[in-house]
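Chemist: To start, I am sharing the structure in question, which I have written as structure tokens.
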Amino acid sequence: MSTATAFRYAVNVTPKNGILDPQGRAVEGSLPHLGVTGVSAIRVGRRVELTVDAPSEAAARTLVERLAGELLSNPLIETFAIELLGELSAATSPAGDGVPA
Amino acid sequence: MSTATAFRYAVNVTPKNGILDPQGRAVEGSLPHLGVTGVSAIRVGRRVELTVDAPSEAAARTLVERLAGELLSNPLIETFAIELLGELSAATSPAGDGVPA
Amino acid sequence: MVRIGVVLFPGSNRDIDAVNALRVAGAEPVVLWHESADLQGVDGIVLPGGFAYGDYLRAGVIARFSPVMQAVAAFADGGGHVLGICNGFQVLTEARLLPGALLRNRSLRFVSREIAIMAERLDSPFTRAIDARRPLRMPVAHGEGCYYADADALDTLEAAGGVLFRYVHLDGSVAGGEEDRANPNGSLRAIAGVTNAAGNVAGLMPHPETAVETVLGTDDGLGIVRSLVDSAAERAHGDRPVVVTIGAR
Amino acid sequence: MSSVAVPPVVDEPLHRRLGVTDQELGVIGTKLGRAPNDLELAMFSVMWSEHCSYKSSKPLLRTLPTAGEGVVAGPGENAGVISIGDGLAVAFKIESHNHPSAVEPYQGAATGVGGILRDIFTMGARPIAVLDALRFGDPSDPHTRHLVNGVVRGVGGYGNCVGVPTVGGELVFDPTYGGNPLVNVMAIGLLEERLLTLASAPGPGNLAVLFGSTTGRDGIGGASVLASATFGADEPSKRPTVQVGDPFAEKLLIEASLELIERGLVEGLQDLGAGGITCATSETADRAGTGILVDLDAIPRREPGMAPFEVMISESQERMLAVVRPERWDDVHEVCRRWGLPSAIIGRVTADGDVTIVEGGLDPDGRPNQGAVELARIPAPALTSEAIVHDRLATPPPRRRAAPAPGSDVEPTAGLPERGMDPGAVLVSLLGGPNLSSRHWVHEQYDSHVQANTVAGPGRGAAVLRIKGTTKALVAATDGNQSVGRVDPWLGAALSVAEATRNVSITGARPLGVTNCLNYGDPTRPEAFWQLQEGVRGLGDACRALGLPVTGGNVSLYNESPTGAIAPTPEIGVVGLLDDVATCVGPGFTAADDSVVLVGSSTPGLFGSAYAELAGLASEDGPPSLDLSRERALQAFIREAIARGLVASAQDVSGGGLAVAIAEACIWGPDAGIGAVLRLPIAGAPAVELFGESPSRLIASCRPRHAPALILLARQHGLPVDELGTVGGDRLLIELAGLGATGAAEERGSRIADAVDVPIADLAHAWWSGLARALGEDGQSASLPEDR
Ligand SMILES: Nc1ncnc2c1ncn2[C@@H]1O[C@H](COP(=O)(O)OP(=O)(O)O)[C@@H](O)[C@H]1O
Ligand SMILES: [Mg+2]
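In structure tokens form, the structure reads like this:
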């Protein structure tokens, strides 16, 4: 295990520009019902948070990038951005449900 | 319109701790197929990006908070966090479809 | 004739089924448009299945803010009977007219098939015309039907008699958790339908309104639809409900 | 062998980059009397794509029978329409979305459903059912699993949301589809005949109105590039922008369109599919003999900075073109507004017969403003009815093997079940195989009940939908046979028609008409074109023999991947009418002690059967033979028998042969299934008799007192018939008797071969769990997060 640490990331997945975003459109369409004006350009995407055990941030990021591109997003219609949320002192892998430590 | 400006926000909505997150679990379950180890505590949520026309950041944020609490998340099962992405020089509200300017 | 409103959101799609079922149950269906707060003096209300405003974000959330829902909430506050089916149930929980929330099915897949539910009690406005506590067969068809509330809330709900229907096996035993096919969405405590504290608002995920004619395989849902009709009639006109034996099997 | 698309070279002329050949460019010049400009070239390129113009298949399609009782709209319209009495008519059509689904399975399948639904409600019909016919490669391949998952979710995601039940279809795995899956979707609609609306643009001066979603860059070049080019996974440059479907918008579009029609507010209506605005304007104009002047600036866009050609050929989903009298515009606009749909006047119908595109706006009289610029002008027929037609070369493959393949069993039919091998075990593995097992993993993801019409949904034979307010019901099925079509494309097509119609007839319904989707390879290859030619001939021959019109369909060519072309796959959709839904008969046995009757007889050969595949029989011992007059008699017989109340259940013999048909009738019996005790007289090899797939056979059960009448009726129709035994118990027992009975028992001096003897519970378990196991979905599922 040596110096391995854990890093927590968020992967933000959003519909590509130019790709229809029916969710964003529906949310926008509902705003008048809430009496809200002045809100526009709504895009609805996904946010995936995950913890990676790795010897370095660089190694962790490489893995997250792979996951983001292959599993968490659909490159044909979505783009993603990776955000480092923090470094954890020890690797914590709660069982089962993916509840953050 | 006077000094009105536009602010772009992201609202990150995540399942509350302790709430079952079948999506997170499914992602976690698929990692072995990809030969990936050392990734844990996966939570899958939503990310909504939106542009708000308002005279000040404070006014804009108040509105985003209301939307996040009433519309974009369900407080029974989800929590949210608001992120300011940037300030736009002029309000740009493209027609209809929720496409970012 | 009892007039029962069927709320039409732009993405409602089981409105057709609800209208059909109300006719079979001897009521006059009145379609209520989502943009109007005018309930046209109906005696009871059905929120039908479908995808109210596309059901993006979370099922039912956007519908909660529609003009008609403001009126429905007022109607319910006044003691009027409101039954939400599937998407209608989702709308009622989002509107906080019913407790709990409906999460994505644990399987992460849409589930459409025949299941069985059993009424926990036959003394509610939505179950009174059911002939007996027996498994009722009817379809489910939804992607977000996993009933959830935290453990305390569930205990409170149970204690108050708020659990109206549970998923059961054909022998009447209560379904298990997500591994049990009889529980199609992994609902906690196999809860398929609930009612509010006042007992005048109810919701369920399965589709009694699509199960009212034997030609379509089962008429086990008719008792539920007829219960609503009877309750609404009684409240409106002080009618004693006509006792009808339903579902001649 | 397969034509590989030439990668576009930078300095290649535009027309070639758009997929227009030099020869085609010459013809365009002749039609215009000048060289086309770039916008015009783009418009021609989408309209002269195979998908829009049928430039290879048109001469073949003209040979199909299209006339029939009650046909009110046939090929050429958005969907076929057949009158069913009571002032009602049924509209139906099948269409492919193969290539988009290969690229992006969820959206490809979803937009496939959206597209075919629009074809239905464009005609004034409310969509009441969808069927999806799906073909994939090896189910154990992770890529296949990804495709299956995405496609099934896509079909469900769209159909469930719009509120149209998915009531049937197919899911077939065959290595031939490994590089090129097929996603064919059929939709059915019901309309009041008086509301039938055609896709034409009559009346110069009328408004061209676009409503529904705004226009974006989605699917630009989709029609021309995707549907016409050989598809290779490693050509990202040819990947068009993916079209994303919005089923909620479609639902609004359905309601708004039907309201516009119901209130008589439109003169013509056309959905926007491949070719976008170019296709919709030119087709409607051409059908009416008019022209349309398009005001480019008036088209509502989703994105800034779109070039004129992008606007004109965009395939943004969920849009409709209506032709509206000026005085009705306010009402039309109001209906669209109420359903939350943008609408705009984008042009005028003209008398000049041209599709004309101007930038700079129109004046109130519909003439281009001062200073407006004409960007394109093309005679509407040049884009559509007079589009180029190619005379393709058809050549049969060099050697059609009649003899067994070298090294194979000389007489494979004498092979399994081998002596001592348990035919019951063979039956269990057939039933549990990827192609014959229950499809519930698929159709439980589809809402099959919404609208409260579904008498029989997916899972057990043809779908049955009652028609409210009448005693009638519509019955629908799809079928396609690639395994025989691979060696004999005529027979493959004819067998598909026979099976689809038989599936409808065995419910008691009378088939009304046929729609078809022809999935073939690259028509510029003579062998692939020969397959298409033979397939169309088989389709036509079968429909003529059965007295059925072909009312519409779709052609999908270039179904090739780097590993080769798919086996020819004519996908047949049939709709039938049952006068009294109460007489409807299902495929499962209904009661103990009923008699079981086999009608029809088998022909030699196992080629193309599930059994041959399981046993690894490589030889081509001859596909089954098809006698179309026998098929016609069989279907007439069963309809009459059902109408006379003689039949308790009827199941046709198809995939897996007689043993599988009987096993299904048992599994689908009351409660957890019911057994049967049968004795099968056989003349040929046991494997052929039990598992051969020769057509024109069915299994019926009836009350014992009806058996003599049923048997007599079959004889009157000139059909061979045998009483096999009775329903009952919890096992399926099939003893073999007669000349062909050989096997282990023979050694004991008996003429009875080893019998099939299996508990129904074992059959049911194998059938129930097979598909999930094949797809690796029986354990923890490894699905990606999806948004619905
Ligand atoms: N992809 C699918 N979608 C919906 N229903 C399907 C699908 N595949 C198969 N089914 C249903 O499963 C049943 C069996 O299909 P199939 O084996 O092709 O029938 P058959 O042998 O009668 O032609 C039918 O009821 C069919 O409609
Ligand atoms: Mg069949």
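Residue numbers (the numbering used here), protein chains in the order written: chain A, 226 to 326; chain B, 226 to 326; chain C, 53 to 301; chain D, -5 to 782.
Backbone N, C-alpha and C fix where the C-beta goes; we use that ideal spot for every residue, glycine too.
The structure displayed is predicted, hence computed values, not measured ones.
(1) Rank D:ILE110, D:ILE114, D:ALA103 and D:ASN92 by C-alpha distance to the C-alpha of ALA83 of chain D and give the top, closest one.
(2) Under the DSSP definition of a beta bridge, which residues are partnered with TYR552 of chain D?
(3) My output table needs one value for GLY245 of chain C: the three-state DSSP class, helix, strand or coil.
(4) Using the rule of at least 16 other Cβ atoms within 10 Å of the residue's Cβ for burial, across every protein chain shown, is PRO863 of chain D buried or exposed?
(5) Rounded to whole angstroms, what is the Cα-Cα separation between LEU144 of chain C and ASP724 of chain D?
(6) Does any C-beta atom of chain B lie closer than 7 Å to the C-beta of GLU274 of chain A?
(7) Is it true that the CB of GLY213 of chain C sits closer than 7 Å to the CB of PHE162 of chain C?
(8) Tell me the rounded alpha-carbon separation between GLY229 of chain C and ARG767 of chain D.
(9) Would you please verify whether the beta carbon of PRO191 of chain C is less than 7 Å from any beta carbon of chain D?
(10) Using only the alpha-carbon positions, how far apart do ALA675 of chain D and LEU611 of chain D sit?
(11) Does the CB of GLY270 of chain A have a neighbour CB from chain B at under 7 Å?
(12) Distance, Cα to Cα, VAL383 of chain D vs PRO198 of chain D?
(13) VAL21 of chain D to GLY27 of chain D, Cα distance in whole Å?
(14) Against chain C, does LYS466 of chain D count as a neighbour if the rule is that its beta carbon must be under 7 Å from one of theirs?
(15) Taking DSSP as the reference, what is the three-state secondary structure of ARG139 of chain D?
(16) Count the other CB atoms, across all protein chains shown, that sit within 10 Å of the CB of ASP646 of chain D; report buried if there are 16 or more and exposed otherwise.
(17) Comparing C-alpha positions only, which one of C:ASP107, C:VAL281 and C:VAL98 sits nearest to ARG180 of chain C?
(18) Any chance you could list the beta strand (DSSP E) runs of at least 3 consecutive residues sitting entirely within the segment 65 to 130 of chain C, in chain order?
(19) Check the Cβ-Cβ distances between SER298 of chain A and every residue of chain E, and say whether any is below 7 Å.
(20) Closer than 9 Å by beta-carbon distance: list the chain B residues that pair up with ARG75 of chain C, in chain order.
(21) Find the nearest neighbour of LEU459 of chain D within the set D:ALA268, D:LEU571, D:GLY427 and D:ARG496, judged by alpha-carbon distance.
(22) Does the beta-carbon distance from ALA470 of chain D to ASN497 of chain D come in below 7 Å?
(23) On the criterion of 16 or more Cβ atoms from any shown chain inside 10 Å, does HIS258 of chain B qualify as buried, or is it exposed?
(24) Can you give me the C-alpha to C-alpha distance between PRO520 of chain D and ALA388 of chain D, rounded to a whole angstrom?
(25) State the start and end residues of the unbroken beta strand (DSSP E) segment that holds GLN805 of chain D.
(26) Who are the neighbours of VAL113 of chain C on chain B, taking C-beta pairs under 8 Å?
(27) With 7 Å as the limit, tell me which residues of the segment 197 to 208 of chain C have their beta carbon closer than that to any beta carbon of chain A; keep them in chain order.
(28) Taking Cβ to Cβ, would you say TYR171 of chain D is nearer than 7 Å to ARG129 of chain D?
(29) Please go through the same chain and pick out, in chain order, the residues whose beta-carbon is closer than 7 Å to the beta-carbon of VAL277 of chain B, but skip the five residues on each side of it.
(30) So if DSSP puts ASP646 of chain D in a beta bridge, which residue, or which two residues, is it bridged to?
(31) Could you compute how far the alpha carbon of ARG691 of chain D sits from the alpha carbon of SER596 of chain D?
(32) Pull up the distance between the alpha-carbon of ASN174 of chain D and that of VAL161 of chain D, whole angstroms please.
(33) Mind listing the chain C neighbours of LEU310 of chain A? Cutoff is C-beta to C-beta under 7 Å, in chain order.
(34) To the nearest angstrom, how far is it from the Cα of ILE705 of chain D to the Cα of VAL156 of chain D?
(35) Report buried or exposed for GLN248 of chain A, applying the criterion of at least 16 other Cβ atoms within 10 angstroms of its Cβ.
(36) Going by alpha carbons, who is nearest to VAL530 of chain D out of D:ARG699, D:PRO505 and D:VAL491?
Modeler: So, to answer that:
(1) D:ILE114
(2) Per DSSP, none; premise fails for TYR552 of chain D.
(3) strand
(4) Given that chain D is displayed from residue -5 to residue 782, the structure contains no residue 863 of chain D and the question cannot be resolved.
(5) 47 Å
(6) yes
(7) no
(8) 22 Å
(9) yes
(10) Per the sequence shown, residue 675 of chain D should be read as Pro rather than Ala. For PRO675 of chain D and LEU611 of chain D, the distance between alpha carbons rounds to 25 Å.
(11) yes
(12) 29 Å
(13) 10 Å
(14) no
(15) helix
(16) buried
(17) C:VAL281
(18) 80 to 85 and 96 to 99
(19) You won't find chain E in this structure, because its protein chains are A, B, C and D.
(20) Result: empty, since nearest Cβ-Cβ is about 35 Å, beyond 9 Å.
(21) D:LEU571
(22) no
(23) exposed
(24) 4 Å
(25) Past the edges of chain D, shown from -5 to 782, lies residue 805 of chain D, and the structure says nothing about it.
(26) LEU296 and ASN299
(27) none
(28) yes
(29) ALA231, PHE232, TYR234, ALA285, LEU288 and VAL289
(30) D:LEU692
(31) 8 Å
(32) 25 Å
(33) Correct list: empty, because the minimum Cβ distance to chain C is about 24 Å.
(34) 46 Å
(35) buried
(36) D:VAL491
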